[in-house]
Each structure stands twice: as C-alpha cells, then as structure tokens.
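Below is one structure, written out as structure tokens; the observations come after it.
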Amino acid sequence: MLKPRWRNDKHADSWMQTLERHAFPVLGDLSVDRIERVHVLAVLTPIWGTRPETARRVRQRIRAVLRWAWAHGFVTENVAGEAIDGALPAMPAVKAHLCALPYRDVAAALDTVEASRASPSAKACLRFVVLTACRSGEARLAKWDEVQSEAREWRIPGSRMKAGIEHRVPLSDAALAVLERVRSLRDESGLIFPSPARPRRPMSDMTLTKV
Numbered sequence: 011m012l013k014p015r016w017r018n019d020k021h022a023d024s025w026m027q028t029l030e031r032h033a034f035p036v037l038g039d040l041s042v043d044r045i046e047r048v049h050v051l052a053v054l055t056p057i058w059g060t061r062p063e064t065a066r067r068v069r070q071r072i073r074a075v076l077r078w079a080w081a082h083g084f085v086t087e088n089v090a091g092e093a094i095d096g097a098l099p100a101m102p103a104v105k106a107h108l109c110a111l112p113y114r115d116v117a118a119a120l121d122t123v124e125a126s127r128a129s130p131s132a133k134a135c136l137r138f139v140v141l142t143a144c145r146s147g148e149a150r151l152a153k154w155d156e157v158q159s160e161a162r163e164w165r166i167p168g169s170r171m172k173a174g175i176e177h178r179v180p181l182s183d184a185a186l187a188v189l190e191r192v193r194s195l196r197d198e199s200g201l202i203f204p205s206p207a208r209p210r211r212p213m214s215d216m217t218l219t220k221v
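Okay, here's the thing in structure tokens:
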C-alpha cells in the first residue's frame, strides 16, 4: 500500500526489517482495526529510552501505516499519533556527533582498516568512500554499470539520490585502482562491493493485517 511511494527497494527493505524486528511480534497477528494504544505502547516502551532513534523510526512507520488505514476508513483514529505522547517516557538527550577524522590521520586509519579482519569488499568500499567523498550508502549500493571508465566517472542514478537527480562523481587514479582491485569479486548482484553475508529472503508486500 505504501510501497509505491518509496524511491527504491532499499527503502522498502528498511521499512520491513524495522517492522518485522520490533512491531510484528506484538502487532503482526492483529488487523489494523484491532490495534489499540496499549499495543503500540508495548512495541515502543521497551526501546524508547534505550534506542531512541530506532524507537522514533518504528513509531513513524507504524503511524504512517495507520494514517493510510485511517484515510481509507479502516480505523477511526491513529493510535500511534499524539494520543500516546503522554504515556511515553522522556527520551535521553541526543549525544554529540563524532568528530571528523583530521585529514592527516586518514592514511593511518586506512592502514588500520587494511590490517583488520574486515572482508576485502568492506575494506575497498571504505577506501572508495574516502576517495570519492560519497555517502557510505551510495558506495555500498554502487553497481558496475554506473561506472564509466573512459569518462572516469561514476554516475549515480537519480533513483538512488535524495534529490532524485543523477549525480556524477569524478574518479581519480586511486579510485579507479580500488575498482580494479575488487573486479575479481564481481557476482550476479552487479554490486561493486558485494556483501559476503548470506542473502536475505525476498521482501513480501505489506498487507493490512501486518503493520
């Protein structure tokens, strides 16, 4: 129901993983018209004070599903909305973000990563992020067909960019060397930096009986 609004499969997968892990154990067997405030609170309260960012995300996603159900007449109120604000404990203050690594220390940091037990793909991906100044998610989802070797460019399609516009990243000799280094890891996924982890099961479409 909400999936057509999302920009890509990665976002849809993130939604389902969050709900499967935190919401479905409590709400999964209930139709939306049987979900009450107490059920939503049972999902949120255990993680509200210990994992605030996750808790916010879980609430937003439950709320979005129930907003859709409310708009279509399946429920008479959104029980994940403001009505439960008073029952949720105060969230801890947001901690300060980590400082950026001074550029003089980058080479040593990369050497440390190279000496670690991380997978070859992960090591190369981090180096590629440093060399291209891209976001980690953009690099992790980068595909070989996005690389234009002759033009020395990496063309990230608009479907994977927040602004929805193709982004072109110039590739230095060092960045191209990283790509050459991982060419032997190429698999059927088409990802430049494939994960060595086992494949996840396919995501099924969200239904009204599962929030």
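For the working numbering, count along the sequence shown from 1 and bump the result up by 10. Backbone N, C-alpha and C fix where the C-beta goes; we use that ideal spot for every residue, glycine too. Values in this document were obtained by computation on a predicted structure and should not be read as measured data.
Original post:
So what's HIS82 in DSSP terms, helix, strand or just coil?
Top reply: Coil, per DSSP.
**OP:** With a threshold of 16 other CB atoms inside 10 Å of the CB of ALA143, please say whether the residue is buried or exposed.
**Re:** The C-beta of ALA143 has fewer than 16 other C-beta atoms within 10 Å across all chains shown, which makes the residue exposed.
**OP:** Have a look at ILE72, GLY59, THR28, ARG61 and flag the residue whose alpha-carbon is nearest the alpha-carbon of LEU40.
**Re:** Ranked by Cα distance from LEU40, the first of ILE72, GLY59, THR28, ARG61 is ILE72.
**OP:** For LEU201, name the three-state secondary structure that DSSP assigns.
**Re:** Strand, per DSSP.
**OP:** Report the rounded CA-to-CA distance for ASN88 versus PRO206, giving the unit in angstroms.
**Re:** Cα-Cα distance, rounded: 41 Å.
**OP:** Pick helix, strand or coil for VAL89, following the three-state DSSP scheme.
**Re:** Secondary structure at VAL89: coil, using DSSP grouped into helix, strand and coil.
Subject >> Residues sharing a beta bridge with ILE166, DSSP >> reply: Answer is HIS177.
Original post:
Relative to the C-alpha of HIS32, which residue among ARG47, ARG44, ASP43, ALA52 is closest?
Top reply: For HIS32, the nearest C-alpha among the options comes from ALA52.
**OP:** Ignore the nearest five residues each way along the sequence and tell me which others in GLY59's own chain have a CB closer than 6 Å to its CB.
**Re:** PRO99.
Original post:
Can we say the segment 171 to 188 touches the segment 125 to 145, given the rule of at least three CB pairs closer than 8 Å?
Top reply: With a cut-off of 8 Å on Cβ pairs, the segment 171 to 188 is in contact with the segment 125 to 145, counting three or more such pairs.
**OP:** State the beta-bridge partners of VAL157 as determined by DSSP.
**Re:** Paired residue(s): TRP164.
**OP:** Note down the Cα distance separating GLY96 from ALA81, rounded to an integer number of angstroms.
**Re:** GLY96 and ALA81: Cα-Cα distance of roughly 24 Å.
Original post:
What's the call for CYS109, buried or exposed, on a 16-neighbour Cβ count within 10 Å?
Top reply: So CYS109 counts as exposed.
**OP:** Assess, as a yes-or-no matter, whether the segment 154 to 170 is touched by the segment 185 to 196 under the definition of 3 or more beta carbon pairs within less than 8 Å.
**Re:** Segments in contact, yes.
**OP:** My understanding is that LYS153 touches LEU201, with C-beta atoms under 8 Å, so please give their C-beta distance in whole angstroms.
**Re:** Confirmed, Cβ separation roughly 6 Å.
**OP:** Could you say which of GLY91, ARG66, GLY83 lies nearest to GLU46 if we only look at CA atoms?
**Re:** Relative to GLU46, the option among GLY91, ARG66, GLY83 whose CA is nearest is GLY91.
**OP:** Could you tell me the boundaries of the alpha helix (DSSP H) in which ILE57 lies?
**Re:** For ILE57, the uninterrupted alpha helix (DSSP H) run begins and ends at 47 to 58, by DSSP.
Original post:
Which residues in the same chain have their Cβ closer than 6 Å to the Cβ of SER199, if we skip the five residues on either side of it in sequence?
Top reply: Within the same chain, SER199 has no close Cβ partners at all.
Original post:
Any heavy atom of the ligand PLP closer than 7 Å to the Cβ of ALA100?
Top reply: As presented, the structure is devoid of all ligands, the ligand PLP included, so that no description of it is given.
**OP:** Could you tell me the distance, in whole angstroms, from the CA atom of ALA134 to the CA atom of PHE84?
**Re:** Rounded to whole angstroms, ALA134 to PHE84 spans 49 Å at the Cα level.
Original post:
DSSP state of ASP39, grouped into three classes?
Top reply: DSSP places ASP39 in coil when its eight states are reduced to three.
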